[in-house]
Amino acid sequence: MSGLIPDSFIEELLARSDVVELIERRVPLKRVGSEFHACCPFHDEKTPSFTVSPRKQFYHCFGCGAHGSAIGFLMQYEGLEFLDAVEELARMAGLEVPTTGSKQPRPDTGLYDMLAACSKFYVEQLKSNPAAIAYLKGRGLSGEISRDFDIGYAPAGWDALIKRFGTDDSKLEQLKKAGMLSTGKSGSYDKFRDRIMFPIHDRRGRVIAFGGRALSDDGPKYLNSPETALYHKGRELYGLYMARQRSGRLDDIIVVEGYMDVVALAQFGFRNVVATSGTATTPLQVELLFRAADTVVYCFDGDKAGKQAAWRALEATLPKMKEGLQARFLFLPEGEDPDSMVRKHGAEVFAEQIAAAKPLSEFFFDRFTAITDISSLDGRARLVQQAQPFIETMPQGVFREMMTTRLESLAQHRLQRQSAPSAARAPDSGERGKPVQKRTSMRIALAHLVQNPALVARLDNVEDFTGPTDDEIHCVEIFRELVDFCTERPNITTAQLVELWHDHPALPHLQKLAVWHLPGEEEKQAQEFIDAVNRIRLMWVEILLSRVTNIMDEREKYRALQQRQQALKKQLEGEQDSVK
Ligand SMILES: [Zn+2]
C-alpha cells in the first residue's frame, strides 16, 4: 500500500513522530509504568484497555483489538486514507512527502490554497452584503454559527471571483480546475453568483468544494461544485470535519440531506450532524460515519424520494453492520425538513424524535411486509426471496443472526444458514474472551523480535538457519527475513517495522505478535528470546538431518549436523538447569 512513498521516508517519518504525543492530543492518556493507558477511542468502555507504548511507538486495545503505528492511528481515528495520514503526519513533523515514483500525480496543492482563498473572499463579501446577512438572520442563524461553518456570500455578477483571483492564465486555469468557473460561448464566468456559500471541508479541514444556496430565483435553489481532483461527492460528508473537531468520537451522528439542515441543527445545539451532498449515501460514507460514531441516525423527508434515499442508505449500511454498531431511520412529516422542523418545534422535540427513530431492522421488514401478503404461503416465499439477499450482504455476527431469525418467524420457515468460518473469529490475539494463540517457540521468538528489534544483536550463529525451506517450515523463512531486516536497522521501532512490512504476506501474523503480552524484565525477556531461538535452531537442525537421505554420500554434512544437534541439546538443557 505504501508503494508510492519510499520506505525510507516512512521510516524517517515514524522516527520523527511520537505516537504518544499524537494520541495524547486527542485522547487523555495516563502513565502506567513504561506505558500509557486510556479508555479506548474505538469502542465503548468504562475501564481502560487501550495502551500506548512509547518504546514500540505502537498502540493496542485489549478490548477491541485496534492497534497500529502513528500512521495507523490517524487512519483509524481521523478516518484518513493511508496517503492522507502520511501527509498529515509529515506536516506535523515538518517533513515534505517525496512524490518521486508516484504514478498518479498528487492533486495540485495550489488548488487547496486557491479554494481556501475563495472561501475567505466569500466570508468577506458576506460582511458587506446586507441582503445575505438578512437572509441568514431570517433563517435564525447567529454570527457564531456562520463563523463556525465559514458561511460566505458569492456576489451577483459574472466575474467577481475572476477579477479577484484569475489574474493570469495559470490562475484562471486553477479556478477552473477547482470547479469555481463555468464556461460558455463567450468564455468563463463565475459558477456561483448571488448565493450563500457553504465551504465543504475534507477530513483534514481543507476546503475542497462549495455548496451554494440561491438568494434570488435565478437558477437552481442549491448548486454544488462539480467533481474535481480534490472533490469526490461520494467520499465526503458535509459537516463531518466540524463535528469531529468538537468531539473526537461521537455517541451518535445524524445524517441529513442539506447544508442548511446541518447549520440549522447546529444553531439548536446539534453539533453531530452531517449531510450527503445531493447523492445517495455511499458505502464509503457509511464507513466514515461508523468511524465517527457507533450509532448513525439517517434523517430523511417522509415523501417518496426520502423513502427511496433511505433505502439506498440502508443498502449501503447493511454490509457494515458489525456488532456494537447501530443504524436508525427518522422520517419527517411531508413538507418538513430538519431545518423547518427544529425551528417550528424546538430542540427538545427534535431530540425526542431522533431518540425514537426506527431501528434498521424495523425499517427493513416494514418495507417488505408492506408489499407482500405474508398471510399466504406464496407471499411468505416471496418475502424470503426478496429479503434474504439483503441479509446475506451483512457480516456474520449477532445482528445478522437476529435479522435471519426475524425473517424466519415472519416466513414461518426455517432458513439454511451459512455457518461462520471459524477463521473469521478474529483469533489468536489474546484479546479478552477470544482464544489465545498457542505460544510456540517460533511465535515467541518472532514476538520478541517484532516488539524489540534491537534484540537481534543478542543472536549468534545466525548461519544455523541457512538452507532451503519449503511450505511446511516457511515460518523459518520469515524468521530469517526478520532477522536480516532487524540486523540492517537495529534501532527500528515496532511501528516502523510494521509499516515497512506493509505489503508482506506475514504482516497480519506479525501484527498479532506485536501486541502479545510479554511479561518480565528486559533481561528475562532477552533470555526467553534466546531460548526460543535455540529451540528453533534445534528443530531446524533436526529437519535438515531428516533430509539427509544417503548418509554415505553426505557423511560430512550429516556428522556436522549431528554435532550441532548435540551441542544445542546440551545448551538447552543447561539453560533449563540454570532456570531451576
Ligand atoms: Zn478498543
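Counting with my numbering, you get residues 14 to 593 for the letters of the sequence shown. C-beta: ideal position from N, C-alpha, C; glycine also.
Alpha carbon of residue i to alpha carbon of residue j, nearest angstrom
i      : j      : result
GLU34  : ILE267 : 31 Å
ARG208 : ALA167 : 5 Å
VAL355 : VAL528 : 47 Å
TYR571 : GLU94  : 54 Å
GLU25  : LEU510 : 12 Å
LEU390 : PHE377 : 20 Å
ILE549 : GLU490 : 12 Å
LEU526 : GLU157 : 50 Å
ASP352 : VAL463 : 53 Å
VAL362 : LEU174 : 42 Å
GLU494 : LEU459 : 11 Å
LEU194 : ASP203 : 5 Å
PHE162 : PRO212 : 8 Å
ARG502 : GLN401 : 53 Å
GLU586 : VAL546 : 14 Å
ILE84  : GLU91  : 10 Å
ALA129 : ARG226 : 19 Å
SER132 : LYS234 : 20 Å
GLU349 : SER199 : 41 Å
GLU347 : ARG427 : 39 Å
ALA508 : MET127 : 36 Å
HIS56  : VAL45  : 21 Å
SER115 : ASP215 : Because the pLDDT at SER115 is just 48, under 50, the model does not fix this residue reliably, and the value given afterwards should be weighed accordingly. Computed Cα separation, rounded: 22 Å.
GLU365 : ASP516 : 48 Å
LEU263 : GLN524 : 28 Å
ASP595 : GLY170 : Summary: the structure shown does not reach residue 595, with the chain confined to residues 14 through 593, and so no result is reported for it.
ARG680 : VAL469 : Nothing about residue 680 can be read from this structure; the chain reaches only from 14 to 593.
SER565 : LEU557 : Contrary to the premise, residue 565 reads as Met rather than Ser in this sequence. Going from the Cα of MET565 to the Cα of LEU557 covers about 16 Å.
ASP274 : VAL287 : 9 Å
Residue i (DSSP reduced to helix, strand or coil)
i      : result
LYS234 : coil
GLU349 : coil
PRO332 : helix
GLU405 : coil
VAL276 : helix
ALA573 : helix
THR122 : helix
ALA28  : helix
ARG208 : strand
GLY218 : coil
GLU48  : strand
CYS53  : coil
CYS7   : Given a span of 14 to 593 for the chain in the structure shown, any question on residue 7 remains unanswerable.
ALA227 : strand
LYS451 : coil
VAL362 : helix
VAL310 : strand
Span of the alpha helix (DSSP H), counted from its first residue to its last, around residue i
i      : result
ILE384 : 373 to 384
ALA460 : 454 to 464
LEU194 : Careful: LEU194 lies outside any alpha helix (DSSP H), inside the beta strand (DSSP E) at 194 to 197.
LEU420 : 411 to 424
GLY85  : 83 to 91
VAL299 : 296 to 305
SER290 : Neither: SER290 is in no alpha helix (DSSP H) and is coded neither H nor E.
GLY156 : 156 to 161
Own chain, CB closer than 6 Å to residue i, minus 5 neighbours either side, in chain order
i      : result
MET88  : ALA98
PHE63  : ALA51, CYS53 and CYS74
GLU414 : none
ALA326 : THR294 and TYR311
LEU373 : ALA340
CYS488 : MET455
MET334 : MET407 and PHE412
VAL309 : ILE266, LEU302 and ALA340
SER442 : Bear in mind that a pLDDT of 39 at SER442, under 50, signals an unreliable position, so the number given afterwards is only what the model happens to contain. Answer for SER442: GLY78 and LYS525, listed in chain order.
Proximity test, Cβ basis, 7 Å: residue i and chain C
i     : result
LEU27 : Annotation note: the requested chain C is absent from the structure, which comprises a single protein chain.
Contact set for residue i: own chain, Cβ-Cβ below 8 Å, skip 5 residues either direction
i      : result
ALA580 : none
ASP231 : ARG206 and ASP207
ASP31  : PRO67, GLN70 and ALA83
GLU37  : PHE49
Cβ neighbours of residue i in the same chain (closer than 7 Å, five flanking residues each side left out)
i      : result
TYR135 : GLY165, TYR166, ALA167 and MET210
SER159 : LEU149
LYS184 : PHE178
ASP172 : TYR202 and ASP203
GLY410 : LYS335 and GLU336
Bounding residues of the beta strand (DSSP E) (the contiguous stretch that carries residue i)
i      : result
LYS525 : Element bounds for LYS525: not the beta strand (DSSP E) but the alpha helix (DSSP H), 520 to 527.
SER66  : 63 to 66
ALA539 : Where ALA539 is concerned, there is no enclosing beta strand (DSSP E), although the alpha helix (DSSP H) it sits in stretches over 535 to 559.
LEU263 : 263 to 269
Handout entry: Closer than 6 Å to ligand 1: residues, by C-beta to nearest heavy atom, in chain order
Key = In chain order, the qualifying residues are CYS53, PHE55, HIS56, PHE63, CYS74, GLY76, CYS77 and ALA79.
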